[in-house]
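Enquirer: Dropping the structure in here first, questions after.
There are 2 protein chains.
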Amino acid sequence: MRTTGKLYVVGIGPGSYEDMTIRAVNALKDSEIIVGYTVYVDLLREHFPEKEMLTTPMRQEQERCQMAILKAQEGKRVAMVCSGDSGVYGMSGLILQLAKESPDLEIEVIPGVTAALSGGAVLGAPLGHDFAVISLSDLLTPMELIEDRLRNSASSDMVICLYNPSSKKRADYLKNACEIVLQHQKPETVCGIVRNIGRNGEEMEVLTLSRLKDTNVDMFTTVYIGNSMTREINGRMVTPRGYKNV
Amino acid sequence: MRTTGKLYVVGIGPGSYEDMTIRAVNALKDSEIIVGYTVYVDLLREHFPEKEMLTTPMRQEQERCQMAILKAQEGKRVAMVCSGDSGVYGMSGLILQLAKESPDLEIEVIPGVTAALSGGAVLGAPLGHDFAVISLSDLLTPMELIEDRLRNSASSDMVICLYNPSSKKRADYLKNACEIVLQHQKPETVCGIVRNIGRNGEEMEVLTLSRLKDTNVDMFTTVYIGNSMTREINGRMVTPRGYKNV
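Order-wise, the sequence lines are chains L and U.
Every letter in the first sequence is one number past the one before it in full-length UniProt numbering, and letter 102, counting from 1, is 102.
Every letter in the second sequence is one number past the one before it in full-length UniProt numbering, and letter 123, counting from 1, is 123.
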């Protein structure tokens with residue numbers, strides 16, 4: 001009798017083993033095969049040396065998901081791993097889309113600590129009130145729509161967390177985003193950047209919006225633009241929820 | 001010689017032990033005292049029976065934070081626990097504000113899986129693209145500002161995740177929010193609700209925006225309003241990231 005396959009889509013958090021949930025660890029233990037982007041699978045290899053690991057390079061997300069679905073359809077227990085959360089710019093949506101014609105395939109989505117939260121903890125408490133999460137990558141989204149989202153979030157005084165703030169081809173995207181926000185928020189608005197969250201070389205900085213505009217960041221950085229309430233307290237970035245007399 | 005106190009602010013996720021990160025569990029193990037809202041502390045009691053537990057009822061957040069800070073200042077190792085993440089409508093901001101005059105007190109913020117992510121995993125992948133997180137509670141925020149944020153998020157086609165969608169005093173708030181979004185999104189927009197995430201009695205439903213408008217939810221529910229791309233796939237709510245030919 002053939003065993004039934006199962007596909008976990010697992011958010012592993014920012015990178016270190018400690019930042020995984022117990023549910024995520026248990027799903028990986030239960031899996032025979034771990035599938036993912038090379039960098040994240042390498043982070044897991046030392047903790048799960050007995051597992052079969054399958055990787056594809058960056059930008060081959062569809063091939064990666066198809067591979068994971070195929071193995072599960074063959075009866076294997078498979079974990080598709082994503083950095084951060086499985087859903088926030090993660091692979092769970094693509095897995096569910098590609099497995100549409102296989103409604104009987106058991107798919108379990110396991111959430112994880114996305115960069116907005118893990119970087120937020122490093123900075124202090126930037127996301128203490130309503131916020132927007134926006135990716136500056138225009139690979140799959142028109143830039144006009146991204147700009148509209150930045151404009152609308154800033155004009156209603158929401159904190160903004162930016163994913164994919166830069167790459168070699170998009171060196172000026174963060175500057176452009178800051179200029180849009182500056183039409184609604186003051187130059188001294190408190191902002192923060194965190195690089196290599198939860199990994200070697202983790203760095204954070206709290207700075208003003210006008211300084212952020214002229215700061216170069218790389219693709220391993222998460223950026224936070226505060227709202228009118230955000231302040232710096234003892235070197236940390238804090239957006240109060242609004243309790244009285246505090 | 002007096003030991004040095006330490007204050008952890010710990011996001012414990014939706015409720016079950018399995019949904020905590022290993023870092024959160026380690027912080028609780030390292031603490032002598034666990035402080036929190038009664039309901040969340042009760043969830044932890046069976047796993048950490050040897051710890052001193054201090055609780056305050058709902059709405060006494062300032063007293064709770066002051067108590068945690070005081071114990072840490074006395075030299076104790078203290079964990080202030082928050083459901084979900086420590087920062088997203090959590091206590092880390094208030095702790096940092098109230099400890100402003102004690103810059104030498106060691107405060108470590110530990111993130112957790114916030115309801116947007118844990119509920120998202122139950123529904124499928126609603127947050128696969130840019131999204132806004134908005135609380136409908138007007139206890140600390142003017143309703144005009146909340147409405148402006150809803151309007152702006154919907155008009156730039158962002159997915160919206162609603163916290164605190166209802167309470168006894170605010171029975172019609174979700175209906176009002178849906179009416180605002182309906183000025184920008186179609187009545188058949190795919191939405192989702194999740195109740196009692198990660199606890200006994202967990203329930204989810206995928207439904208249209210026009211049906212959501214006339215649905216009663218309680219304060220233990222998290223609500224997701226999709227964007228123009230969101231669809232239902234095999235009973236799950238999926239917002240695609242936009243890969244071609246999928």
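Using N, Cα and C, we set each Cβ at its ideal position, and we do this for glycine too.
Please list the terminal residues of the continuous beta strand (DSSP E) segment that includes L/Met-67.
Expert: Unbroken run through L/Met-67 is the alpha helix (DSSP H), 61-73; no beta strand (DSSP E).
Enquirer: Measure the alpha-carbon distance for U/Ala-27 versus U/Tyr-8 and round it to whole angstroms.
Expert: 7 Å
Enquirer: Please classify U/Gln-183: is it buried, with 16 or more other beta-carbons within 10 angstroms of its beta-carbon, or exposed?
Expert: exposed
Enquirer: Between which two residues does the alpha helix (DSSP H) holding L/Ser-83 run?
Expert: Run containing L/Ser-83: none; DSSP gives neither H nor E here.
Enquirer: At a Cβ cut of 8 Å, what residues of the region 154-174 of chain U count as close to chain L, listed as they run along the chain?
Expert: Ser-155, Ser-156, Asp-157, Met-158
Enquirer: Following the continuous alpha helix (DSSP H) through L/Gly-120, name the residue where it begins and the one where it ends.
Expert: Its alpha helix (DSSP H) spans residues 115-123.
Enquirer: Here's the rule: buried if 16 or more other CB atoms are within 10 angstroms of the residue's CB, otherwise exposed. What is L/Asn-216?
Expert: exposed
Enquirer: Name the chain L residues that come within less than 7 Å of U/Lys-100, Cβ to Cβ?
Expert: Ile-233, Asn-234
Enquirer: Would U/Ser-31 pass as an interface residue toward chain L - the criterion being a Cβ-Cβ separation below 7 Å?
Expert: no
Enquirer: Which of helix, strand or coil does DSSP assign to U/Ala-171?
Expert: Note: U/Ala-171 maps to coil in three-state DSSP.
Enquirer: Assuming L/Ala-132 is part of the beta strand (DSSP E), what are its boundary residues?
Expert: Note, L/Ala-132: beta strand (DSSP E), 131-135.
Enquirer: Note down the Cα distance separating U/Met-1 from U/Gln-73, rounded to an integer number of angstroms.
Expert: The pLDDT assigned to U/Met-1 is 42, lower than 50, so where the model puts this residue is not dependable, and the model offers no usable value.
Enquirer: I want to verify the contact list: residues of chain U whose CB lies under 8 Å from the CB of L/Ala-27, in sequence order.
Expert: By Cβ distance, chain U contributes nothing, its closest Cβ being about 10 Å from L/Ala-27, past 8 Å.
Enquirer: Any C-beta of chain A sitting closer than 7 Å to the C-beta of L/Ala-115?
Expert: The question asks about chain A, but that chain is absent: this structure's protein chains are L and U.
Enquirer: Could you check the C-alpha separation between L/Ile-22 and U/Ile-22 for me, to the nearest Å?
Expert: 6 Å
Enquirer: Between U/Asn-152 and chain L, is the shortest Cβ-Cβ distance under 7 Å, so that the two count as touching?
Expert: yes
Enquirer: Using only CA atoms, which one of L/Met-219, L/Leu-43, L/Asp-30, L/Val-81 lies nearest to L/Ser-166?
Expert: L/Met-219
Enquirer: Determine the DSSP secondary structure at L/Glu-147, reduced to helix, strand or coil.
Expert: Correct three-state label for L/Glu-147: helix.
Enquirer: Of all the options L/Gly-84, L/Lys-51, L/Glu-202, L/Thr-221, which has the alpha carbon lying nearest to the alpha carbon of L/Val-113?
Expert: L/Gly-84
Enquirer: With a cut-off of 8 Å, do at least 3 Cβ pairs link the region 27-40 of chain L to the region 29-41 of chain U?
Expert: no
Enquirer: Would you list, in chain order, the members of the region 70-90 of chain U that have their beta-carbon closer than 8 Å to a beta-carbon of chain L?
Expert: Asp-85, Ser-86, Gly-87, Val-88, Tyr-89, Gly-90
Enquirer: Quick one: is U/Thr-239 buried, meaning 16 or more other Cβ sit within 10 Å of its Cβ, or exposed?
Expert: Taking every protein chain shown into account, the CB of U/Thr-239 has 16 or more other CB atoms within 10 angstroms, so this residue is buried.
Enquirer: At a CB-CB cut-off below 8 Å, which residues of chain U make contact with L/Ala-132?
Expert: Asp-130, Phe-131, Ala-132, Val-133, Ser-153, Met-158
Enquirer: Is the shortest distance between the beta-carbon of L/Ala-125 and the beta-carbons of chain U less than 7 Å?
Expert: yes
Enquirer: Indicate whether at least one CB of chain L lies closer than 7 Å to the CB of U/Pro-240.
Expert: Interface residue, yes.
Enquirer: To the nearest angstrom, how far is it from the Cα of L/Arg-77 to the Cα of U/Glu-108?
Expert: 37 Å
Enquirer: Give the straight-line distance between the Cα atoms of L/Asn-164 and L/Thr-141, rounded to the nearest whole angstrom.
Expert: 12 Å
Enquirer: Which runs of the alpha helix (DSSP H) fall wholly inside the region 150-238 of chain L and span at least 4 residues, in chain order?
Expert: 173-181, 209-213
Enquirer: Just to check my reading of the structure: U/Leu-98 and U/Ala-116 have Cβ atoms closer than 8 Å, yes? What is that Cβ distance to the nearest angstrom?
Expert: At roughly 26 Å, the Cβ-Cβ gap does not stay under 8 Å, so U/Leu-98 and U/Ala-116 are not in contact.
Enquirer: If I measure Cβ to Cβ from U/Arg-45 and keep anything under 7 Å in the same chain, skipping five residues before and after, which residues do I get?
Expert: Met-53
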